[in-house]
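Colleague: Note that the UniProt record's numbering gives residue 1012 to position 1012 of the sequence shown, counting from 1, and the numbers run on in steps of one.
Using N, Cα and C, we set each Cβ at its ideal position, and we do this for glycine too.
Quick caveat, the model's predicted, so the values are computed rather than measured.
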Amino acid sequence: MGDPLGPLPAVPESADGPSDVIESAAAVPSTPNSVSPGSTPITEQKPNGQVHPLESAAKDVPPGSTLERQERPRYSMLRNYSLILPMTGERVRRQITLDTFDSRAESSGRQRLIAEEDLDDEAGEDTALLVDDRLANGSRVLMRKTSRMRRWVSRHCANFERRLTYMVQSIWWIKWIYDNIFFREFTRPLKCSLTYFLASLTVFSSTISSLLGSGDGKHLTATVTVYFHPSRTVGSMIEAFTFAELALVYSTILSCCSMVTAAFFRKLDLLWVGYAIVLVVFCAGGLGSIALMKHKMGKQTFNTACSVASTAFTRILVREGSVQEGIVSFSKILQVGLLVNIGVFIAATVCFTVFPVTANSKLKAACNKLMNTYSHILAIITKSFLSGTDVSKTEIEELFQNAGGLISSLDSIVQEVKYEHYVRGTEAEYFLQMRLVKSIQSITQHLGGLRSSLQMQWNLTNLHPGQTRSSCGELFDIFVYYLGPPMKSLTYTIKNILEVLPFDDKNSPKYEVRLNSRFGSSLNLALDLFSSARMKALKEIYSQDIFSQQANRAELAIHLEKVASTCGLFSQGLEDLAREIYNIIDILKEYENYAARGRPKSWWWLLFWKANPMNVREVNASTEEDVTVPSNLAHLFSDDNIGAKHLKETSRDPWTLKLWRALRMFRRNDVRFGIKVGVGALLFTLPAYIPQTRESFSHYRGEWGLATFVLMTNISIGGTTSSVLWRLSGTIIGCYSAWLAWYLFSSNRVALALIGLLIAFPCFCIILGWKNNSSFGRFILLAFNLTALYSYSLSQNDIDRDDRNEDEGGANPIVSEIAFHRLVSVSSGVLWSLFITLYIWPNSARANVKRKLSILWIRMGLIWKNDPLNSLSVRGAPLKPYVSIQDEQKVQKSLLNMRTSLMPAAANEFRLKGPFPTKHYANMMKTTQEVLDVYHNMNSMIMKDLNASEREAQIIAYTIEERKELSNRIFLLFYLIAAALRLNLPLPYDLPNTTHARDRMIVKINEYRMKQLSEDSGTEDDFVLFYAFILATMSINDGLLNIISSLQEVYGSIEEETLSI
1 MGDPLGPLPA
11 VPESADGPSD
21 VIESAAAVPS
31 TPNSVSPGST
41 PITEQKPNGQ
51 VHPLESAAKD
61 VPPGSTLERQ
71 ERPRYSMLRN
81 YSLILPMTGE
91 RVRRQITLDT
101 FDSRAESSGR
111 QRLIAEEDLD
121 DEAGEDTALL
131 VDDRLANGSR
141 VLMRKTSRMR
151 RWVSRHCANF
161 ERRLTYMVQS
171 IWWIKWIYDN
181 IFFREFTRPL
191 KCSLTYFLAS
201 LTVFSSTISS
211 LLGSGDGKHL
221 TATVTVYFHP
231 SRTVGSMIEA
241 FTFAELALVY
251 STILSCCSMV
261 TAAFFRKLDL
271 LWVGYAIVLV
281 VFCAGGLGSI
291 ALMKHKMGKQ
301 TFNTACSVAS
311 TAFTRILVRE
321 GSVQEGIVSF
331 SKILQVGLLV
341 NIGVFIAATV
351 CFTVFPVTAN
361 SKLKAACNKL
371 MNTYSHILAI
381 ITKSFLSGTD
391 VSKTEIEELF
401 QNAGGLISSL
411 DSIVQEVKYE
421 HYVRGTEAEY
431 FLQMRLVKSI
441 QSITQHLGGL
451 RSSLQMQWNL
461 TNLHPGQTRS
471 SCGELFDIFV
481 YYLGPPMKSL
491 TYTIKNILEV
501 LPFDDKNSPK
511 YEVRLNSRFG
521 SSLNLALDLF
531 SSARMKALKE
541 IYSQDIFSQQ
551 ANRAELAIHL
561 EKVASTCGLF
571 SQGLEDLARE
581 IYNIIDILKE
591 YENYAARGRP
601 KSWWWLLFWK
611 ANPMNVREVN
621 ASTEEDVTVP
631 SNLAHLFSDD
641 NIGAKHLKET
651 SRDPWTLKLW
661 RALRMFRRND
671 VRFGIKVGVG
681 ALLFTLPAYI
691 PQTRESFSHY
701 RGEWGLATFV
711 LMTNISIGGT
721 TSSVLWRLSG
731 TIIGCYSAWL
741 AWYLFSSNRV
751 ALALIGLLIA
761 FPCFCIILGW
771 KNNSSFGRFI
781 LLAFNLTALY
791 SYSLSQNDID
801 RDDRNEDEGG
811 ANPIVSEIAF
821 HRLVSVSSGV
831 LWSLFITLYI
841 WPNSARANVK
851 RKLSILWIRM
861 GLIWKNDPLN
871 SLSVRGAPLK
881 PYVSIQDEQK
891 VQKSLLNMRT
901 SLMPAAANEF
911 RLKGPFPTKH
921 YANMMKTTQE
931 VLDVYHNMNS
941 MIMKDLNASE
951 REAQIIAYTI
961 EERKELSNRI
971 FLLFYLIAAA
981 LRLNLPLPYD
991 LPNTTHARDR
1001 MIVKINEYRM
1011 KQLSEDSGTE
1021 DDFVLFYAFI
1031 LATMSINDGL
1041 LNIISSLQEV
1051 YGSIEEETLS
1061 I
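1. Tell me, please, which residues DSSP counts as bridged to Ser82.
2. If you follow the alpha helix (DSSP H) that residue 1104 is in, where does it begin and where does it stop?
3. Less than 9 Å between the beta carbons of Ser825 and Thr708, yes or no?
4. Ignoring anything shorter than 3 residues, give me the beta strand (DSSP E) runs that lie fully in the UniProt domain "Integral membrane bound transporter" (696-836), in order along the chain.
5. Please list, in chain order, all residues of the same chain as Glu245 whose beta carbon is under 7 Å from its beta carbon, the five residues on each side excluded.
6. Take every Cβ of the segment 191-207, pair it with every Cβ of the segment 217-226, and state whether three or more of those distances are shorter than 8 Å.
7. Which residues mark the beginning and the end of the alpha helix (DSSP H) in which His920 is found?
8. In terms of alpha-carbon separation, which member of Asp999, Thr927, Pro842 lies closest to Gly1039?
9. So within the segment 437-506, which uninterrupted beta strand (DSSP E) runs reach at least 3 residues, ignoring any that extend past its ends?
10. Tell me where the alpha helix (DSSP H) around Cys351 begins and ends.
11. For a minimum of 4 consecutive residues, which ranges assigned as the alpha helix (DSSP H) are wholly contained in the segment 553-597?
12. Assign Asn993 to buried or exposed, taking buried as 16 or more other Cβ atoms, counted over all protein chains shown, within 10 Å of its Cβ.
13. Counting only the same chain and skipping the five closest in sequence on each side, list residues whose C-beta sits under 7 Å from that of Ser193.
14. Assign Lys332 to one of two classes, buried (16 or more other C-beta atoms within 10 Å of its C-beta) or exposed (fewer than that).
15. What residue range does the alpha helix (DSSP H) around Ile863 cover?
16. Whose CA, out of Met943, Pro691, Gln455, lies closest to the CA of Ser1035?
17. Let me know the secondary structure DSSP gives Ser1045 once reduced to three states.
18. Hey, how far is the Cα of Lys944 from the Cα of Leu872?
19. In whole angstroms, give me the CA-to-CA distance for residue 1088 and Arg1009.
20. Which whole-angstrom value is the C-beta distance of Ile396 and Ile380, which I expect to be below 8 Å?
21. Cβ-heavy atom distance between Tyr736 and the ligand MG below 8 Å?
22. Ala366 lies in the alpha helix (DSSP H); which residues open and close that run?
23. Could you tell me whether the Cβ atoms of Thr566 and Gln445 are closer together than 9 Å?
24. Return the CA-CA distance between Trp726 and Lys771, expressed in angstroms with no decimal places.
25. Can you tell me whether Val1050 is helix, strand or coil according to DSSP?
26. Could you tell me which of Leu869, Glu325, Met941, Ala978 sits nearest to Ile960, measuring between CA atoms?
27. According to DSSP, simplified to helix, strand and coil, what is Ser206?
28. Skipping 5 residues on each side, what residues in its chain have a beta carbon closer than 8 Å to that of Phe820?
29. Pull the bridge partners of Val168 from the DSSP assignment, please.
30. Helix, strand or coil, according to DSSP, for Asn1006 in the structure here?
31. Please tell me whether Met903 and Thr918 are closer than 9 Å, where the distance is taken between their beta carbons.
32. Suppose you measure from the CA of Leu83 to the CA of Val168; what does that come to, to the nearest Å?
33. So, are the CB atoms of Ser729 and Asp216 less than 9 Å apart?
34. Does the separation of the CB atoms of Gly568 and Tyr1027 fall below 9 Å?
35. So, are the CB atoms of Val1024 and Gln572 less than 9 Å apart?
36. Alpha carbon to alpha carbon, how far is Lys536 from Asn984? Give it in angstroms, no decimals.
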């Protein structure tokens, strides 16, 4: 069959190489069957005289494809096609490219214009000169019309332009340094340093100190600001303030109960019983529960609140002495609570008034940046798909990494925005923003599907050295010839819309909605145009002789279906992306209308006993049931399991087994961690309640060591050991700095306050700037604070009457001794934390990574073993989804925890065998995440319509045996890699192969297609779901091979000890 769209002309090439511009479709035809020099003809002569089907197809190959000119990029061979301009909604036919650029900058009309003056020009001619792009919005130097002025300007123009250019460049560089270096890098630690300085005035200012009463613990205010710093958004500070007040209330309750309990048993002359209850219930239980909740919440603001609560409670429990003496002294509790609240209020005030940063503006800026990144990704992926080259592979990976970082930041920013809106009463805006963020984040999944199609195209067309052009590559040329122009046109429309949405960054920090009223209609027109063109193009494609003459060629049928699935799914992915963007446009329209109404206020969240009418929960069509799991493997789906066998419960079970089941909660790692911290705190505090050791414990300031133990103990061994050296070295540096400052300036409060400000700045730079080991800066500042400020309090006789002794020098403090006590106390807390972590229920991050990753693989294998296509409702029969919302969230959360928490901790665990193979494990987790993305994409395709069409039901029944075999083989691979990781054994060389099972399924689909083509019934949409299934199995197989390769590198050899019996 000839080309239905007419012959295509030869493409003229410029001196710069092939052009990316779409050519006109009307021109002189070229020779249809010519083959470029150096290429290998696709004709294959068979022994019986038959010709390879691709040879006959070559006669019908569209002119201009790479079958004809293989050395030219096929992207430049695309025909002109109609496209929709998003700004106007016009349907035009013009030359376009998908080169990435920022349409925001282009739409502002900035361009460089250079006009040279001719002295002989007519006097009435006006001329403009734009000296540099950095001049604001292309400002121009207008010249007078008179010839005298023109000659003067001509004489002095060169010097004027050069000076003006230097001036503009200097201003630009100063602004850039301020915005990108000073403002971003220095304002945050400056705010924190200012907060610490103001908090230290509770010690250095005699007026403020006298208002707070007597006591040597006023440095607690400055201590609080080290943890509760103001380098946050307004919303984050509101959240942190809320958590801090709740934590302070909790610590106050613990303190009061401890005092009352000790006083009650003292009256009964059973003070030792009171001590026991205080230590077990309030010390172990209170501090253990704080550690447990700190781990469970996993939020930085909550961690800060836990630090504040631990610091306040340990001071009452150990330092103040009321509990040990069995007396009730609420004045101590009130003073400690007042000091903590002062520090919190100072930090909050600085956050709200000095260079305030709102989460609302950060959210909108992040959305703009993410949408711009999406536009670049879409342009590069589409261009790479149409050209068939993988030159942009690295750039695509980098862009996806950037998008992933922005998505992660959006998740945390949305939580911060909630508090800002709740306080202002703009709850409706928060719910709109939450819907917008979810929709924007979902674009990543659509782009991930396009990337999967692109990756599969690269794999199918990949040529090894010595190979000729593959038949898959030739089939791609046919698809691209017909589908390429509409793909490119739709991508152009989507890309230009993405570059504009969603907020206008010119009026920051307001960031009003940026939405063109024609975007929705333009996108609808573009989508309708693409859909109709896609159906026509596919009909033309399948009418080619190559698709009707190869029914008896299984190899070519497999190639055909692989190419068809890749191209079909890519085009379907573009449609889904366009629909998602249309959803974003609808949300922005609601947002715009809400802003036009003046953002009406409401505080429905205060009426917590009533349902919030604005809190519209998204209803998903899927059920919340988990995936069906065999009963003998169900225990693998529990994160709190620690490897025990699953025992089926029967009526004859002994009482010991029933007790063991009842105590299941205490086998959870997080519960064990809380118990471990509580027991450790009890044993560390015990000397403070023994009369013989109480004085020594107080002399060496044991409360500092207790607080250090509670704050630094981590749930894993690696998490604890990673900060030991940094905390000890930070304490040494801080103590020495305090001693040196006191030696130079003695008790000069002005000098000490300024030195504290200077030391705080680099410390907060470390705390805020270092991703790892930020505790180094914190412990430097804490050691300085607890040495210098505490010494100044002693020098001013600012101590309790009961505490007036010569301990540490009294009114003439011995700073070296105080520093030494601080070092001894902190070191003891660090070493005790290390001991408890290593010898009481040790929890190795390395073992957890292996266990959880292997269980995750088993879980993923079981999910696929159930066969995704079985979840469709065939002829009204309801079936369970193969991946439920609940199950997918569990899997994603588990993997995220491994990548962010366990992997860094595992790398810090010492082992004699050598360093932990972080690189290989990181690669396995990255690949696992990619496979999970494939699961998500497949689930999204299924959830579009759970009711199978008549043709889909027929294909499902037609391929049931092949799909069952393929699913079982994939599950077997998952099971093998999980077992190898769990047992630390290498994999066998001959593993189950999924290629043949997948090819047999593809052949069955091709047989059904040929039958459909002969009957001329059904549509290409009936095959889209099966395209997704084929592509998913190919991607999963590639991911499994990648994981197997990493496992073979990790466990490539077996030690003799491993196989010893």
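Modeller: Looking at the coordinates:
1. As a working note, residue 82 is residue 82 in the sequence shown. Beta-bridge analysis with DSSP links Ser82 to Arg93.
2. Residue numbering for the chain in the displayed model covers 1 to 1061; residue 1104 lies beyond these limits and cannot be assessed.
3. Translated into positions along the sequence shown, residue 825 becomes position 825. Translated into positions along the sequence shown, residue 708 becomes position 708. Between Ser825 and Thr708, the C-beta gap is smaller than 9 Å, which places the two residues in contact.
4. Counting only runs of 3 or more, we get nothing.
5. One-based indexing of the sequence shown puts residue 245 at position 245. Around Glu245: no qualifying Cβ.
6. The segment 191-207, when compared against the segment 217-226, does touch it at the 8 Å Cβ threshold.
7. Here residue 920 corresponds to residue number 920 of the sequence shown, with the count starting at 1. Run containing His920: 918-943, per the alpha helix (DSSP H) assignment.
8. Residue mapping note: residue 1039 aligns to position 1039 of the sequence shown, counting from 1. Residue nearest to Gly1039 within the set Asp999, Thr927, Pro842 is Thr927 (criterion: CA-CA distance).
9. Segments of the beta strand (DSSP E) lying fully in the segment 437-506: there are none.
10. For the purposes of this step, residue 351 is identified with residue 351 of the sequence shown, where counting begins at 1. Boundaries of the alpha helix (DSSP H) around Cys351: 330-353.
11. For the segment 553-597, the continuous alpha helix (DSSP H) assignments of 4+ residues that do not extend past its boundaries occur at 554-596, in sequence order.
12. By 1-based counting over the sequence shown, the position of residue 993 is 993. Classification for Asn993: exposed.
13. To locate residue 193, count along the sequence shown from 1; it is residue 193. Hits under 7 Å: Leu757, Ala760, Phe761, Phe764.
14. Start at 1 with the first residue of the sequence shown, and residue 332 comes out as number 332. When all chains shown are included, Lys332 counts as buried.
15. To locate residue 863, count along the sequence shown from 1; it is residue 863. Here the alpha helix (DSSP H) through Ile863 covers 845-865.
16. Here the question's residue 1035 lines up with position 1035 in the sequence shown. Closest by C-alpha distance to Ser1035, out of Met943, Pro691, Gln455, is Gln455.
17. As a first step, residue 1045 must be located in the sequence shown, where it is residue number 1045. DSSP, reduced to helix, strand and coil, places Ser1045 within a helical segment of the structure shown.
18. As a first step, residue 944 is located in the sequence shown; it is residue number 944 there, counting from the start. As a first step, residue 872 is located in the sequence shown; it is residue number 872 there, counting from the start. Looking at the two C-alpha atoms, the distance is approximately 11 Å.
19. Because the chain in this structure spans residues 1 to 1061, residue 1088 falls outside the shown range and cannot be described.
20. Counted from its first residue, the sequence shown places residue 396 at position 396. Counted from its first residue, the sequence shown places residue 380 at position 380. Rounded, the Cβ-Cβ distance is 6 Å, consistent with contact.
21. The ligand MG is absent from the structure shown, which contains no ligands of any kind.
22. For the purposes of this step, residue 366 is identified with residue 366 of the sequence shown, where counting begins at 1. Taken as a continuous stretch (DSSP letters only), the alpha helix (DSSP H) holding Ala366 covers 359-387.
23. In the sequence shown, the residue the question calls residue 566 occupies position 566. In the sequence shown, the residue the question calls residue 445 occupies position 445. The Cβ atoms of Thr566 and Gln445 do not sit closer than 9 Å to each other.
24. For the purposes of this step, residue 726 is identified with residue 726 of the sequence shown, where counting begins at 1. For the purposes of this step, residue 771 is identified with residue 771 of the sequence shown, where counting begins at 1. Distance between the alpha carbons of Trp726 and Lys771: 14 Å.
25. Mapped onto the sequence shown, residue 1050 falls at position 1050. Note: Val1050 maps to helix in three-state DSSP.
26. Your numbering for residue 960 matches position 960 in the sequence shown. Nearest of Leu869, Glu325, Met941, Ala978 to Ile960, Cα basis: Leu869.
27. Walking along the sequence shown from the start, residue 206 turns up at place 206. Correct three-state label for Ser206: helix.
28. On the sequence shown, residue 820 is found 820 positions in, with the first residue counted as 1. Same-chain partners within the cutoff: Cys735.
29. Position 168 of the sequence shown, counted from the start, is the residue given in the question as residue 168. BP columns for Val168 are empty, so no partner.
30. Here the question's residue 1006 lines up with position 1006 in the sequence shown. Note: Asn1006 maps to helix in three-state DSSP.
31. Against the sequence shown, residue 903 aligns to sequence position 903. Against the sequence shown, residue 918 aligns to sequence position 918. Yes, the Cβ-Cβ distance between Met903 and Thr918 is below 9 Å.
32. The count along the sequence shown starts at 1 and reaches residue 83 at position 83. The count along the sequence shown starts at 1 and reaches residue 168 at position 168. Each residue's Cα considered, the two are about 41 Å apart.
33. Position 729 of the sequence shown, counting from 1, holds the residue named residue 729. Position 216 of the sequence shown, counting from 1, holds the residue named residue 216. In this structure, Ser729 sits away from Asp216, with a CB-CB distance that is not shorter than 9 Å.
34. Counting from 1 along the sequence shown, the entry for residue 568 is found at position 568. Counting from 1 along the sequence shown, the entry for residue 1027 is found at position 1027. It is a contact, given that the beta carbons lie within the stated cut-off.
35. The residue you call residue 1024 lines up with position 1024 of the sequence shown. The residue you call residue 572 lines up with position 572 of the sequence shown. Yes, the pair counts as a contact, with Cβ atoms nearer than the cut-off.
36. Within the sequence shown, residue 984 is the residue found at index 984, counting from 1. Within the sequence shown, residue 536 is the residue found at index 536, counting from 1. The alpha-carbon atoms of Asn984 and Lys536 are separated by roughly 55 Å.
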